[in-house]
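Quick note, the working numbering runs 6 ahead of the 1-based positions in the sequence shown.
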Amino acid sequence: MAYDYDILVIGGGPAGYAGAIRAAQLKKRVLCIERDKLGGICLNWGCIPTKALLSNAHLVELIKTHGKRFGYNGQGDWDFGQMIGRSRNIAGQLNKGIEGLFRKYKVASKFGVAKVIAPHEVQVGDEKVTAESIVIATGVRPRPLPGADFDGKVIISYKEAMSLAKQP
Numbered sequence: 007m008a009y010d011y012d013i014l015v016i017g018g019g020p021a022g023y024a025g026a027i028r029a030a031q032l033k034k035r036v037l038c039i040e041r042d043k044l045g046g047i048c049l050n051w052g053c054i055p056t057k058a059l060l061s062n063a064h065l066v067e068l069i070k071t072h073g074k075r076f077g078y079n080g081q082g083d084w085d086f087g088q089m090i091g092r093s094r095n096i097a098g099q100l101n102k103g104i105e106g107l108f109r110k111y112k113v114a115s116k117f118g119v120a121k122v123i124a125p126h127e128v129q130v131g132d133e134k135v136t137a138e139s140i141v142i143a144t145g146v147r148p149r150p151l152p153g154a155d156f157d158g159k160v161i162i163s164y165k166e167a168m169s170l171a172k173q174p
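Here's what the structure looks like:
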């Protein structure tokens with residue numbers, strides 16, 4: 007049977023995009039389906055942007071603790087929104103890097119929710135796609151506690167936490 011792709015990867019997070027790129031390097035026809043942004047939670051909302059914020063916090067602490075010794079006499083006014091913006095920009099740059107690697111290695115990508123509907127067949131929106139092999143690398147999503155649903159204001163998930171305009 008002729009398939010649309012050799013390998014179809016569901017999930018564009020660290021495992022999914024790395025597997026898709028490697029398969030393409032091995033001359034496979036690859037499609038990666040992602041519901042949100044390439045890079046997954048780690049690159050877009052978790053590991054990478056939080057490390058950028060920790061870097062900012064470290065700098066603030068250094069200045070507060072050792073600033074006078076280095077000749078800094080100011081009080082320091084920190085713009086939390088700008089710090090969040092910096093972390094979002096870093097995530098955006100790395101996301102573009104994955105898109106560039108997909109172009110370089112000719113990995114096709116589609117955005118939407120993938121549903122395996124038959125052996126070798128996946129539906130994305132109204133489109134059906136076939137592949138010899140399907141890799142499921144969907145990662146994780148936060149689950150609210152019973153009776154404490156995410157409302158985006160008082161009870162927030164990782165996305166709201168990494169998009170706050172001001173410090174809580």
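Ideal Cβ positions, reconstructed from N, Cα and C, are used throughout, including at glycine.
Two segments are said to touch when three or more pairs of C-beta atoms, one from each, lie closer than 8 Å; by this definition the region 58–65 does not touch the region 129–146.
Threonine 71 and tryptophan 84 have their alpha carbons spaced roughly 15 Å apart. In terms of Cβ geometry, isoleucine 54 and leucine 14 do not form a close pair [threshold 8 Å].
A residue is called buried once 16 or more other Cβ atoms fall within 10 Å of its Cβ, and phenylalanine 76, having fewer, is exposed.
Look at lysine 134 here: in three-state DSSP terms it is strand. In the structure shown, tyrosine 23 falls within a helical segment according to DSSP collapsed to helix, strand and coil. Under DSSP, cysteine 38 forms a beta bridge with Val15, Ser115. Put simply, of Gln129, Ile90, Asn79 the residue whose alpha carbon is nearest the alpha carbon of serine 169 is Ile90.
Only residues of its own chain outside the window of five on either side were considered, and among them Asn79, Gly80, Gly82 have a CB closer than 8 Å to the CB of glycine 73, listed in chain order.
If the five residues before and after leucine 151 are omitted, its C-beta is found closer than 7 Å to no C-beta atom of its own chain. In this chain, the alpha helix (DSSP H) harbouring lysine 57 covers 53–72. Scanning its chain for C-beta atoms nearer than 6 Å, with the 5 sequence neighbours on each side dropped, one finds no residue around alanine 24. Residue burial annotation: alanine 124 is exposed, with fewer than 16 other C-beta atoms found within 10 angstroms of its C-beta.
For the pair alanine 30 and valine 128, the CB atoms are not nearer than the 8 Å cut-off. Annotated three-state conformation of isoleucine 142 is strand, per DSSP. Of the residues assessed, valine 160 falls on the exposed side of the cut-off, its CB having fewer than 16 other CB atoms within 10 angstroms.
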